[in-house]
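Be aware that the sequence shown starts at 47, since it is given in the numbering used here, and climbs by one per residue. Backbone N, C-alpha and C fix where the C-beta goes; we use that ideal spot for every residue, glycine too.
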Amino acid sequence: MVATTIKRGIFWCTVVVVMATATHCAVLNFTDLTIRVQNIKCGEPRLKSFRITELYSNVSEYATSPSRIILYRCEEALGCCDIGEKCTMKTSTPLTIELLQGSSQEFIGREAEDHTSCHCIPDESQIK
């Protein structure tokens, strides 16, 4: 009986906490939402994290440091172009990424690029 009472007490405390938390949800009204959408520009690349193996198939992420790199990218996932368009790279800057080879503790260089500007182009996959 005591265990049942304790379980019920815990249950109701949990319900109260969940309800109290739910009542403090923020509301994103239409005006604020519209302002957010207008402030996202396709022309500005965003930082993206890559595993080393995503960019260089001949380099092991376990044998190099760092195992991830951050580059500026333009991509469709930014959601900044109109329907029927996609955000893609307009200009880029070449980079040499310096990685530390794990077993030999030597530095190795790999080529990469930072996107420096983006633009919206027609999405050919949407055309039927």
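Separation of the CB atoms of residue 122 and residue 133 is rounded to 6 Å, and the pair is thereby assigned contact status at 8 Å. Rounded to whole angstroms, residue 83 and residue 148 show a C-alpha spacing of 44 Å. Taking a contact as a CB-CB distance under 8 Å, the pair residue 160 and residue 117 counts as one, their CB atoms being some 6 Å apart.
For the 8 Å CB-CB criterion, residue 89 and residue 163 form a contact.
Rounded to the nearest whole angstrom, the CA to CA distance from residue 71 to residue 153 is 49 Å.
Residue 77 is not bridged by DSSP to any residue. At a Cβ-Cβ threshold of 8 Å, residue 94 and residue 114 do not count as neighbours.
Residue 158 and residue 141 do touch by the CB rule: their CB atoms are close to 5 Å apart, below 8 Å. In the DSSP assignment, residue 98 falls within the alpha helix (DSSP H) that extends over 98-101. Comparing alpha-carbon positions, the option among 91, 130, 104 and 128 lying closest to residue 139 turns out to be 91. The segment 116-168 contains, as complete beta strand (DSSP E) runs of 3+ residues, the segments 131-147 and 153-168 (chain order).
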